[in-house]
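Residue numbers (the numbering used here), protein chains in the order written: chain A, 13 to 226; chain B, 530 to 714. We put the beta carbon where it would ideally sit given N, CA and C, even for glycine. Computed from a prediction, not measured in an experiment: that's the story for all the values here. Encoded as structure tokens, the structure appears first; notes follow it.
In structure tokens, the structure reads:
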């Protein structure tokens with residue numbers, strides 16, 4: 013990589029190193045910025061940057077009620093960036109990105125849910141969750157505080173999470189309820205909660221590699 | 530003439546049987562029309578509401594029909610007045626019993642097929658939004674596709690038989706003038 017250059021005056025060489033260093037810093041910086049959530053991985057040691065979601069063993073499902081009829085749905089595509097150290101829980105972090113266009117409920121609903129009244133997936137392709145504080149409650153239980161953003165509307169959220177480890181994989185499970193109208197999901201004529209209930213139960217199971225033993 | 534009227538009035542259906550007949554007659558015609566209308570609507574809150582009302586009404590009709598059948602077993606309907614029965618050709622007597630029996634089969638079959646279709650489509654029925662009913666078929670798009678036309682054709686058949694039933698009753702009233710219709714009033 014080092015080009016063969018004619019000897020230069022010392023001051024010039026220093027200046028060059030300075031410029032190269034700046035370039036390197038800029039590249040690294042933009043690289044981190046490009047990887048988005050991963051920028052937060054700096055908060056814990058670099059070895060944990062290899063923590064990755066195992067999509068085949070993960071799921072995000074929900075239950076909505078239509079005139080009392082429970083309807084199950086799920087998101088087929090989502091991503092997660094985890095920087096979790098059981099010994100430094102306070103400095104750990106998780107971020108999720110959920111592809112709203114990948115919603116799957118039933119043939120009628122799948123066509124409707126991506127429309128502007130519901131998820132408006134064309135304008136807001138992704139829902140996101142960004143943790144702000146993680147608290148250990150003992151026995152593998154944690155409390156994750158953060159912000160959930162759907163359709164451009166952000167809401168504070170407190171999620172109880174249970175962690176379990178097996179064969180090098182760490183699984184986080186939990187459930188919480190959200191109110192769809194807080195996010196204007198089901199707007200206009202669909203905002204009638206006697207027809208589609210306001211409360212939606214969300215369940216998740218997220219499996220990760222590379223989390224140190226609890 | 531007066532004597533005939535008296536005998537037919539005396540052989541009326543029980544009050545309970547008449548109530549079942551008229552309530553279910555109105556309910557079945559209404560639920561059929563709602564189903565037919567809502568089926569063609571685009572996905573919307575009104576379609577969802579109408580479809581759910583259709584399902585709730587359908588299950589209510591099923592329950593009432595079972596109760597009606599049990600009542601009928603315990604309280605045999607009046608036999609046809611002898612004079613009227615003797616005036617009927619053999620095919621009419623077969624048709625009279627056949628139409629009634631087939632209608633009873635369809636009172637049960639149409640709602641059961643609708644229920645099965647709803648379950649197969651992935652929408653379990655919650656009766657009046659309060660009582661969750663069990664699914665007796667699995668959720669399956671292909672099964673739903675198979676059941677749907679059966680529900681429709683069974684309902685059309687029931688409507689055709691009901692029309693025949695009404696026409697026959699009107700024929701007895703206005704052509705034969707035998708007062709048979711009074712059994713149900």
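Best match in the options for proximity to residue i [C-alpha to C-alpha]
i, options, result
"residue 579 of chain B", "A:72, A:178, A:66, A:79", "A:79"
"residue 174 of chain A", "A:182, A:190, A:222", "A:182"
"residue 155 of chain A", "A:185, A:162, A:134", "A:185"
"residue 215 of chain A", "A:62, A:63, A:73", "A:73"
"residue 189 of chain A", "A:75, A:65, A:63, A:71", "A:75"
"residue 660 of chain B", "B:588, B:562, B:558", "B:588"
"residue 226 of chain A", "A:99, A:205, A:71, A:211", "A:99"
"residue 219 of chain A", "A:201, A:177, A:210", "A:177"
"residue 557 of chain B", "B:654, B:575, B:567, B:593", "B:593"
"residue 595 of chain B", "B:633, B:611, B:617, B:567", "B:633"
"residue 146 of chain A", "A:97, A:109, A:191", "A:97"
"residue 142 of chain A", "A:193, A:191, A:109, A:63", "A:109"
"residue 692 of chain B", "B:629, B:572, B:570, B:614", "B:629"
"residue 676 of chain B", "B:552, B:643, B:597", "B:643"
Coarse secondary structure for residue i, derived from DSSP in three states
i, result
"residue 637 of chain B", "helix"
"residue 48 of chain A", "Residue confidence for residue 48 of chain A is low, a pLDDT of 41 falling below 50, so the modelled location carries little weight; the figure read from the coordinates is stated next. Three-state result, residue 48 of chain A: helix."
"residue 648 of chain B", "helix"
"residue 585 of chain B", "helix"
"residue 679 of chain B", "helix"
"residue 626 of chain B", "helix"
"residue 124 of chain A", "helix"
"residue 540 of chain B", "coil"
"residue 558 of chain B", "helix"
"residue 194 of chain A", "helix"
"residue 85 of chain A", "strand"
"residue 574 of chain B", "helix"
"residue 596 of chain B", "helix"
"residue 208 of chain A", "strand"
Distance between residue j and residue i (C-alpha atoms, nearest Å)
i, j, result
"residue 199 of chain A", "residue 129 of chain A", "5 Å"
"residue 542 of chain B", "residue 549 of chain B", "11 Å"
"residue 697 of chain B", "residue 686 of chain B", "16 Å"
"residue 162 of chain A", "residue 150 of chain A", "31 Å"
"residue 599 of chain B", "residue 679 of chain B", "26 Å"
"residue 647 of chain B", "residue 67 of chain A", "32 Å"
"residue 601 of chain B", "residue 81 of chain A", "34 Å"
"residue 124 of chain A", "residue 203 of chain A", "14 Å"
"residue 119 of chain A", "residue 193 of chain A", "23 Å"
"residue 670 of chain B", "residue 139 of chain A", "29 Å"
"residue 699 of chain B", "residue 611 of chain B", "19 Å"
"residue 43 of chain A", "residue 63 of chain A", "Bear in mind that the predicted position of residue 43 of chain A carries a pLDDT of just 42, short of 50, making it too unreliable to give a figure here."
Residues bridged to residue i (per DSSP)
i, result
"residue 215 of chain A", "A:73, A:187"
"residue 106 of chain A", "A:94"
"residue 161 of chain A", "A:140, A:166"
"residue 65 of chain A", "A:220"
"residue 153 of chain A", "A:150, A:174"
"residue 656 of chain B", "B:660"
"residue 181 of chain A", "A:178, A:221"
"residue 145 of chain A", "A:157"
"residue 116 of chain A", "A:86"
Distance between beta carbons of residue j and residue i, contact taken as under 8 Å
i, j, result
"residue 107 of chain A", "residue 93 of chain A", "5 Å"
"residue 207 of chain A", "residue 577 of chain B", "6 Å"
"residue 85 of chain A", "residue 126 of chain A", "So it is not a contact: roughly 12 Å between Cβ atoms."
"residue 668 of chain B", "residue 684 of chain B", "At roughly 23 Å, the Cβ-Cβ gap does not stay under 8 Å, so residue 668 of chain B and residue 684 of chain B are not in contact."
"residue 560 of chain B", "residue 583 of chain B", "6 Å"
"residue 91 of chain A", "residue 65 of chain A", "6 Å"
"residue 144 of chain A", "residue 157 of chain A", "5 Å"
"residue 197 of chain A", "residue 136 of chain A", "Going by Cβ atoms, the distance from residue 197 of chain A to residue 136 of chain A rounds to 10 Å, so no, they are not a contact pair."
"residue 170 of chain A", "residue 160 of chain A", "Contact flag wrong, Cβ pair sits at about 10 Å."
"residue 590 of chain B", "residue 663 of chain B", "Not really, about 18 Å apart at Cβ, beyond 8 Å."
Chain E within 8 Å of residue i, Cβ atoms only
i, result
"residue 628 of chain B", "Checking the listed chains, one finds no chain E in this structure; the protein chains it contains are A and B."
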